[in-house]
Structures are given as structure tokens and as C-alpha cells.
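Residue numbers (the working numbering): 483 to 960.
Input: a single structure, listed below in C-alpha cells.
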Amino acid sequence: MRNKYITATILALMSGGTNIFAEDGTPAPRLVVNITIDQLRTDFLETFEPFYGTDGFKKILRGGRLYKNIQYPFSPIDRASAIAAINTSTTPNLNGITAEQWFDRSCSMSVSCVNDVSYGGLLTMESASAQNVMTSTLSDELKVATKGHAFIYSIAERKETAVIPAGHCGDGAFWVNKQENCWCTSTYYSKKAPKWLETYNLSNTPYKKSSCVNEQITDFALNCISLNSLGKDDNTDILFITYNAAPSIDKDGNENCKDTYIQIDRDLGRLINNIQSSIGLDKVLFVINGTGYYNSLISANKKYRLPGGTVYINRTANLLNMYLGAIYGSDKYVEGYLNNNIYLNTKLIDRKRLNINEITDLSKTFVRQCQGIANAYSIESIISRPSSETEDIRRGCYLSRCGDIIIETAPGWDIVNEDTQQQYSQYRGYLLTPAIFYGYNIRGEKIDNPVSVEAISPTIAKIIRIRAPNACKSAPLF
């Protein structure tokens, strides 16, 4: 077992490091378990409460501090940008994570937000690092405050949701290699796969079905805690876990959310009970939060004749290219497109000595006329001429990673890329997503007032007595 406490105490006394004890002598939590549940909704969480057991959601809803209305002050939101906002305490215009994927002009293709060819995969062919996160994260600040002694691990189904919380200084980020049916990581964290990881893959049933992914994550998380002795001394460690509450389709073709929440409830109960018995609830802080968006798998528009439809981004981009070709001569003026972004071929435009502002204005005007598009903005106007109308979009943009034209769809309209079969939903309605603090002698309470997602990490930072991430401007919640 590690003996971090003595070393950390000496360093803190010598160099003004982290305060291991509060003024009243109470030690900080030994372990923070930060659980993000992708697409978690407050209304579903409360609706399905009669079906929960006694050890999962019911326990934390009744004994924890529940913030029912966490708001994400940027648009659009997906799992990567949401998780980055939670862990950096700021929005994509500063932390750089605008989406799970963006179009990379250097290779003219879409890439993962954590793609980094400098760091290869371990037990996977996927490369990954946190280098694209442009601010510090909660885990970074803990690592710095403890002079490297805190242990920081992150576990998720996908590499993006594993790497971002682990930050620049994490000890490990682990995700599922679906081709090889095993857990994997990146050389960003170690030169070779940890022995305990290889042993776990050999001795446990391989990952197989997406329907039981949350159960697989729980199994792996409990082994990670045990095999790395997390929470076993007075220096705070952090474990990040990402579950998935996205709906599934039942045998009758209907959207099923209830079974998903019941399964997560079981996994949460098992996780909490195991950690409580091995470390003690008073020494552990659980934080559960949602990602602020929801992607329905079934469109009710046609069945119930609601307004809405599909914007085909590939067709829109091709028509725009033809339109610009008719004005400036046939050529490839649109370099790429992804989600709600259209990327102009700026090198071609410069080489032809054309006016980029003129082309951008013409492009916006043309795209606005396409069915299902409520508005189109240039990235330059959003950043340099902000307004109340575009403030959420501005916060969701990072100049070098967004398109030259940003599309805003009309309510009820989704974006589909026929080339890649990707579907992108810009949900514009009001959606309640929660954050819950449980354990570490926190008293149960329910807060209805809306609070920003940017306040979650500074609250955790205050509890574990470290600095908040370096782009944070929000005060702690309590």
C-alpha cells in the first residue's frame, strides 16, 4: 500500500502545498468518485423512482444535495463538450472541446477531439491524448496541489469521455476496444499497458454487448479502485466514471428509457455499497451529473404531423459549392462539413485572391434559404461581433476548430450526413439535467434554482481544498 500521507504532509509544510486538513481538523475526502451519466434527465430520474432499489438513485436522491436544474451556457452540446465543461469549469470557447469530432483542415477529414498521433494506443489502434484540452482540469489541479501524489483514473465506454476527465496529468484513462473486446488505454499515460489492466482483460469476461456496458464499466471501476488502492490514505484520489443513459429501442419499436435507468440504478447501488464498505461513506465524495442534452431515437414528427424534418448537410454543402462555382468559376470552394459546420477552402480562396468576407456573406445568405435552417452565421461575426442572440453559440465556438459557416436548424429538424451516416441533433427545447453531491457528511437537500455547470468543479475543488481549474470564473455551489 502506498504511503503518500507522510510525503504529502512534508511537501505541504515545506512548499505551501495542498491543505490536507480543514481548519477544524477534518480531513478532506480520501476519494472523489465523479460520475457523469450521458443524457441523464432530471424528469426521467424522478419518474422512474418507484422502480429503483434502495441502494442506488433512491439513496443519493434522499441523502444527497440535489441540484435539479444544471444549465449549460453554450450551444450546441454533445457528450464531449459537456464533459469538458464539467471538468474545466468553462465553455468550449476557452477549453477548446467544441464537439466529439471536428474537421481537421490539415488532413481534410473529421477527427476525434482527443486524437493525437504522437501517442499510440495500448491494446488498441486508437491514438489519444488530452492535448486538445486548452485549459487545466480538476484532475490537473489535484495533481499539482498534491505534488503528483494523488491517483487519478478515468473509465468510460468511449475514448473521448475517458481521456477528457483524466486531463493532462491523469494516471490512466481506460475505454473499450470493441474490435478486440477488451479494455485499452494510450501511451500518453504510460509506455506500456499496466500489468493489472492486462490481468483484468485475461481473467474477466470480455466486453461484448452495448446493452450491458454500464455493468461492465462498474466491474472495471471496482477493480481499478481495489488494484490501485484508491482512497486508502489521507491524500485525495479521483476516479471518473462515465455511464450511458441514452434510450434504447424495445422489441415493439418503442423508445425505452425505464430499463436503462433501472440498470444504472443497480450499478450505482453496487458501486456505492462496495466503496462504502471498503473506504467509508464519510471519507468518499460522490458527484453525479448529466450532460445537458438528449438524443431521441424516434422522431414523432411524421407520426403526429409535427413540424420538422432532416437537413442533409452533404447536400447543402454541395449546393453551396455549385452556387459559389457559378459566381467565381468551377472549383472546390467548400473543403468539408461536419455536424452543423461548413468549412470553406480558405487556401483556395486566398490563392485566387478572392474576398473571403464577400464569399462568407454570400454563403450565409444561400444556406439560410435551405429548408429546415433557421439561421447561418460566420465564425468571424460570432466571435468579433457578439450579441445576446448568438452568445450561447459564441461560447460553443473555438476559432481553429469550428467551420466558417455555422448552421442553426429550425426546431424539430435534425442534421444528417449521408456520406458518413452520422446524425446530429440540435435540441433547442428546455431540458432539466441534475447534479448530485453525496457522501462525505453532506446533508440532503433539493435545490430547484438553475445553476451553471461551470460551478460543479469549483465546488469539488473547495471540498478537497485545491484550486479550481485555471479558466474557472464560477463560485462554488456551497
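Just so it is clear, CB atoms sit at the ideal spot from N, CA and C, and this is done for glycine as well.
If the criterion is Cβ atoms closer than 9 Å, does the pair residue i and residue j meet it?
i      : j      : result
ASN513 : LEU767 : Position check: residue 513 holds Leu in this sequence, whereas Asn was assumed. Going by C-beta atoms, LEU513 is nearer than 9 Å to LEU767.
GLY878 : ASN575 : yes
ASN569 : GLY654 : no
ALA581 : THR718 : no
LEU779 : ILE809 : no
ASN683 : TRP657 : no
THR773 : ARG561 : yes
THR828 : GLU840 : no
THR619 : PRO958 : no
GLY538 : ASP747 : yes
THR518 : TYR725 : yes
ILE720 : ALA799 : no
ILE824 : ASP886 : yes
LEU801 : TYR815 : no
ILE897 : GLN905 : yes
LEU527 : TYR743 : yes
LYS714 : ILE757 : no
GLY603 : ASN659 : yes
PRO940 : ILE552 : no
PHE533 : LYS740 : yes
SER614 : ASP598 : The question names Ser, but residue 614 in the sequence shown is Asn. The answer is yes: Cβ separation under 9 Å.
ARG797 : GLU900 : yes
TYR805 : PHE848 : yes
Report the CB separation of residue i from residue j in whole angstroms; it is logged as a contact under 8 Å.
i      : j      : result
ILE942 : ALA627 : About 12 Å separates the two Cβ atoms, so there is no contact after all.
ARG544 : GLY926 : 6 Å
CYS676 : ASN516 : First, the amino acid is wrong: residue 676 is Pro here, not Cys. The pair is not a contact, with the Cβ atoms about 21 Å apart (cut-off 8 Å).
CYS595 : GLU642 : 6 Å
THR617 : THR669 : Between THR669 and THR617 the Cβ distance is about 23 Å, and since that is not below 8 Å, they are no contact.
ALA644 : VAL935 : Rounded, the Cβ-Cβ distance is 19 Å, inconsistent with contact.
ILE637 : SER621 : Not quite, the Cβ-Cβ distance comes to about 13 Å (not below 8 Å), so this is no contact.
ASP764 : ASN923 : 6 Å
ASP734 : ASN696 : That pair is no contact at about 23 Å.
GLY811 : TRP895 : About 33 Å separates the two Cβ atoms, so there is no contact after all.
Can you give me the Cβ contacts of residue i inside the same chain, cut-off strictly under 7 Å, excluding the 5 residues immediately before and after it?
i      : result
TYR820 : According to the sequence displayed, residue 820 carries Leu and not Tyr. Hits under 7 Å: GLN583, TRP584, PHE585, SER592.
ASP525 : LEU914
ARG752 : THR700
ASP813 : GLY807, LEU830
PRO868 : ARG876
LYS944 : PRO958
LEU495 : Annotation note: pLDDT 38 at LEU495 (below 50); position unreliable, no value reported.
ALA953 : THR570, SER571, THR572, LEU576, ASN577, THR617
CB-CB under 6 Å to residue i, same chain, minus the five flanking residues each way: which ones, in chain order?
i      : result
ALA504 : Caution applies to ALA504, whose pLDDT of 47 falls short of 50 and renders its modelled position unreliable; the value that the coordinates give is listed next. The answer is none, since no qualifying residue turns up.
TYR671 : GLY654
TYR601 : SER609, SER611, SER668, THR669, TYR670
SER557 : ASP874, ILE875, GLY878
ILE542 : ILE918, TYR920
ASP930 : LYS550
ARG883 : THR580, TRP584
GLN661 : none
ILE770 : ILE517, ILE918
CYS651 : ASP622, LYS625
LEU704 : ASN756
CYS706 : TYR635
ILE723 : ILE517, ILE637, ALA703
ALA564 : THR773, GLY774
SER907 : ASN777, ASP896
Which residues in the same chain as residue i place their Cβ atom closer than 8 Å to its Cβ, once the five residues preceding and following it in sequence are excluded?
i      : result
ILE864 : THR872, ILE875, ARG876, CYS879, ILE888
ILE737 : The question names Ile, but residue 737 in the sequence shown is Glu. PRO729, SER730, ILE731, SER778, LEU779, ILE780, listed in sequence order.
LEU605 : ASN659, GLU662, CYS664, TRP665, CYS666, THR667, ALA675, LEU679, GLU680, ASN683
ILE938 : ILE552, ILE568, SER571, VAL769, ASN771, ALA917, LEU959
LYS846 : ALA858, TYR859, SER860, ILE887
LYS691 : Interpretation of LYS691 is limited by its pLDDT of 49, a score under 50 that renders its predicted location unreliable; no figure is taken from the coordinates.
LEU881 : ILE861, ILE865
Problem - Contained beta strand (DSSP E) runs [length at least 3] in the segment 798 to 830, N- to C-terminal order - result: If we require 3 residues or more, the beta strand (DSSP E) runs fully inside the segment 798 to 830 come out as 816 to 820, 823 to 826.
Exercise for the section: Counting only runs of 4+ residues fully inside the segment 589 to 658, write out the alpha helix (DSSP H) ranges in chain order. Expected result: Runs found: 620 to 627, 641 to 648.
Problem - alpha helix (DSSP H) segments (min. 4 residues) lying fully within the segment 726 to 776 - result: For secondary structure counted as the alpha helix (DSSP H) over 4 or more consecutive residues, the segment 726 to 776 holds these complete runs in sequence order: 740 to 760.
Practice task
Determine, using beta-carbon pairs with one atom in the segment 852 to 867 and one in the segment 880 to 892, whether at least three such pairs fall under 8 Å.
Solution key: At 8 Å Cβ cutoff, the stretches touch.
Handout entry: Whole beta strand (DSSP E) elements within the segment 507 to 550, 3-residue minimum
Key = Scanning the segment 507 to 550 from its first residue to its last, the whole beta strand (DSSP E) runs of 3-plus residues come out as 513 to 520, 547 to 549.
Handout entry: Every unbroken beta strand (DSSP E) within the segment 912 to 940, with a cutoff of 3 residues, ordered by chain
Key = If we require 3 residues or more, the beta strand (DSSP E) runs fully inside the segment 912 to 940 come out as 917 to 921, 927 to 929.
Handout entry: 4-residue-minimum alpha helix (DSSP H) runs that sit fully inside the segment 681 to 722, ordered along the chain
Key = Correct list: 695 to 709.
Practice task
Kindly provide the ranges of any beta strand (DSSP E) runs that are 3 or more residues long and lie completely inside the segment 830 to 893, ordered along the chain.
Solution key: Considered as a whole, the segment 830 to 893 harbours 855 to 860, 887 to 891 as its complete beta strand (DSSP E) runs of no fewer than 3 residues, in chain order.
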